[in-house]
Amino acid sequence: MRTFAFIIHPLSVNDVARKYPVARFLPLSLVEAFLKAKSPMVLSEIKGVRSLTGEGLKGWFIGCPLTPRQLSGGVPLELVYQRLQESCEIAHRQGAEIIGLGAFTAVAGDGGITVAKRSPIPVTTGNSYTVATAIEGTLDACKQVGIEARSSTLAVVGATGSIGKTCARILSATFERVILIGRDPSRTRDLAEEIPHSEPTTDLERLVEADAVITVTSSDAAIIQPHHLKTGSVVCDVARPRDVSAKVVGQRPDVLLIEGGVVSVPGDVDFGMDFGFPPKTAYACMCETMMLALEGRLENYTLGKDVSVEQVKETQGWANKHGFKLAGYRSFQRAVSQEDIARVRAARAAAIPSPVSLREKSSPLRP
Numbered sequence: 063m064r065t066f067a068f069i070i071h072p073l074s075v076n077d078v079a080r081k082y083p084v085a086r087f088l089p090l091s092l093v094e095a096f097l098k099a100k101s102p103m104v105l106s107e108i109k110g111v112r113s114l115t116g117e118g119l120k121g122w123f124i125g126c127p128l129t130p131r132q133l134s135g136g137v138p139l140e141l142v143y144q145r146l147q148e149s150c151e152i153a154h155r156q157g158a159e160i161i162g163l164g165a166f167t168a169v170a171g172d173g174g175i176t177v178a179k180r181s182p183i184p185v186t187t188g189n190s191y192t193v194a195t196a197i198e199g200t201l202d203a204c205k206q207v208g209i210e211a212r213s214s215t216l217a218v219v220g221a222t223g224s225i226g227k228t229c230a231r232i233l234s235a236t237f238e239r240v241i242l243i244g245r246d247p248s249r250t251r252d253l254a255e256e257i258p259h260s261e262p263t264t265d266l267e268r269l270v271e272a273d274a275v276i277t278v279t280s281s282d283a284a285i286i287q288p289h290h291l292k293t294g295s296v297v298c299d300v301a302r303p304r305d306v307s308a309k310v311v312g313q314r315p316d317v318l319l320i321e322g323g324v325v326s327v328p329g330d331v332d333f334g335m336d337f338g339f340p341p342k343t344a345y346a347c348m349c350e351t352m353m354l355a356l357e358g359r360l361e362n363y364t365l366g367k368d369v370s371v372e373q374v375k376e377t378q379g380w381a382n383k384h385g386f387k388l389a390g391y392r393s394f395q396r397a398v399s400q401e402d403i404a405r406v407r408a409a410r411a412a413a414i415p416s417p418v419s420l421r422e423k424s425s426p427l428r429p
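Using my numbering, you'd call the opening residue of the sequence shown number 63 and step up by one each time.
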């Protein structure tokens, strides 16, 4: 039986409080000081993964006790690397043959390259299959609400990151126009030169032009607010923590908000812990790690700041082979219903002027 491990970390104080309830009543600075002093640990054993080929799989969740803020510059980078190296060594001692980097551990520093050099087992960020599922989910959701991609605008938030830029490159062949939104003006302009019919910007207000949005930044707080979004649009939030404010759910029922990368895992899987997903489902990045193990591809795979189109296609092929598939739409820990989709579709249809009204607007006034 093949084996794997996956590194996870607390995304918020609430995650810490699941194990240490007193954390809810402490200031964040004190919680982070406590976490900084702790070592990684095995959180659970993962059982029951079984490919359509019949191959079984066993794994472990390894907890790296650092928050998003700490992993993105709140503590020295060398400490981050040390904690991730320790996590890999723990996984190796458990018997794991390959390990995946979850959430902010995948973007810390150089995107897994240094970790892979120090790890006793191969490493992947899981970003290739994350891209594959983000694209599949976005295109399917667009179809559900009546968005014709070839005549519509896509916006990618976090466009210069490894996931964002690959989504933009692939989907530029499908959408009429692509708005690239990044924090660094120079890098965003450089990316726009590579991608046909794309426009670079640092302005989130441009989101109101987009029929579809894929957002995947490394922000530790929500950046997309209700007023940013177009009526009848689709928003695929791949980021963890989420880029989209919870206010969008309550204030914008005319927008279809879905979480990217929620995947149904083949077999009767038991993750041994609750990480906020329905039973037998996982993040796409976790699934990429599982698929590499099932394929016997015990090698460093998706690393660094770039994801190749070839890797995206390869992971999608593995998913089809082994039985990994999108698990339906979810938004803020609830399933998106057909009623939700119908409401957004109706809002979009009502907001789009009919061809007749457009002709009337363009006709000269008659006496």
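C-beta: ideal position from N, C-alpha, C; glycine also.
Nearest-angstrom Cα separation, counted from residue 336 out to residue 296: Our two residues, residue 296 and residue 336, have alpha carbons roughly 28 Å apart in a direct line.
Under 8 Å by Cβ, that's how I've got residue 190 and residue 377 pegged, so tell me the actual separation to the nearest angstrom. 5 Å
For residue 103, list the residues DSSP reports as bridge partners. 125
Straight-line Cα distance separating residue 316 from residue 412: Going by the C-alpha atoms only, they are around 11 Å apart.
Return the residue from the list 174, 105, 293 that minimises the CA-CA distance to residue 207. Nearest C-alpha to residue 207: 293.
Contact between the segment 175–195 and the segment 357–377 is defined here as three or more beta-carbon pairs at a separation below 8 Å; is this criterion met? Yes, the segment 175–195 is in contact with the segment 357–377.
Give the range of the beta strand (DSSP E) segment to which residue 271 is assigned. Premise fails: residue 271 is in no beta strand (DSSP E) and is neither H nor E.
Mind checking which residues open and close the beta strand (DSSP E) that includes residue 262? 260–263
Which of helix, strand or coil DSSP assigns to residue 167: In the three-state DSSP reduction, residue 167 falls in the helix class (H, G or I).
Enumerate, from N- to C-terminal direction, the unbroken beta strand (DSSP E) stretches of 3 or more residues contained entirely within the segment 131–200. 161–163
Count Cβ pairs between the segment 125–144 and the segment 69–83 that sit closer than 8 Å; are there 3 or more? yes
Classify residue 221 as buried or exposed, calling it buried when 16 or more other Cβ atoms lie within 10 Å of its own Cβ. buried
Output the residue ranges of the beta strand (DSSP E) runs that lie fully inside the segment 260–346 and measure 3 residues or longer, sorted by chain position. 260–263, 274–277, 296–299, 318–321, 324–326, 329–332, 343–345
Minimum C-alpha distance to residue 225 - residue among 242, 102, 213: 242
Among 392, 271, 381, nearest to residue 300 - alpha-carbon criterion: 392
Hey, quick one: how far does the beta strand (DSSP E) through residue 403 stretch, first residue to last? Careful: residue 403 lies outside any beta strand (DSSP E), inside the alpha helix (DSSP H) at 400–413.
Which stretch, first to last residue, makes up the alpha helix (DSSP H) that contains residue 231? 224–233
By a C-beta neighbour count over all protein chains shown, 10 Å radius and 16 as the cutoff for buried, is residue 273 buried or exposed? buried
Cβ neighbours of residue 109 in the same chain (closer than 8 Å, five flanking residues each side left out): Result list for residue 109: 120, 331, 332, 334, in chain order.
If we define contact as Cβ-Cβ less than 8 Å, is residue 102 a contact residue for chain B? This model lacks chain B altogether, as it is built from one protein chain only.
I need the boundaries of the alpha helix (DSSP H) containing residue 65, first residue and last residue. Per DSSP, residue 65 lies in no alpha helix (DSSP H) segment; the continuous beta strand (DSSP E) that holds it begins and ends at 64–70.
Less than 8 Å separating the beta-carbons of residue 239 and residue 277? no
Leaving out five residues before and five after residue 360 in sequence, what residues of the same chain have Cβ atoms less than 6 Å from its Cβ? 159, 160, 184
Could you have a look at residue 109 and say whether DSSP puts it in helix, strand or coil? strand
Counting along the chain, where does the alpha helix (DSSP H) carrying residue 253 start and finish? 247–256
Excluding the 5 residues preceding and the 5 following residue 177 in the sequence, name in chain order all residues of the same chain whose CB lies nearer than 6 Å to its CB. 146, 185
Taking C-alpha atoms, which residue in 271, 340, 338, 266 lies nearest to residue 306? 266
Minimum C-alpha distance to residue 270 - residue among 253, 256, 244, 217: Considering only alpha carbons, the answer is 217.
Tell me the residue span of the alpha helix (DSSP H) that contains residue 15. Any question about residue 15 goes unanswered here, given that the chain covers just 63 to 429.
Which of helix, strand or coil DSSP assigns to residue 436: The structure shown does not extend to residue 436, since the chain is modelled only from 63 through 429, so no value can be given for it.
Hey, which unbroken runs of the alpha helix (DSSP H) at 4 residues or more fall wholly within the segment 343–392? With a minimum length of 4 residues, the continuous alpha helix (DSSP H) runs that stay inside the segment 343–392 are 346–357, 371–384.
From what residue to what residue does the beta strand (DSSP E) around residue 88 run? Where residue 88 is concerned, there is no enclosing beta strand (DSSP E), given that its DSSP letter is neither H nor E.
The beta strand (DSSP E) that contains residue 216, what's its start and end? 215–219
Test item: CB-CB of residue 346 and residue 323 under 8 Å: Yes.
If residue 101 sits next to residue 148, beta carbons under 8 Å apart, how far is it from one beta carbon to the other, in whole angstroms? The C-beta distance from residue 101 to residue 148 rounds to 6 Å, short enough to fall under 8 Å.
May I have the straight-line CA-CA distance separating residue 157 from residue 72, to the nearest angstrom? 24 Å
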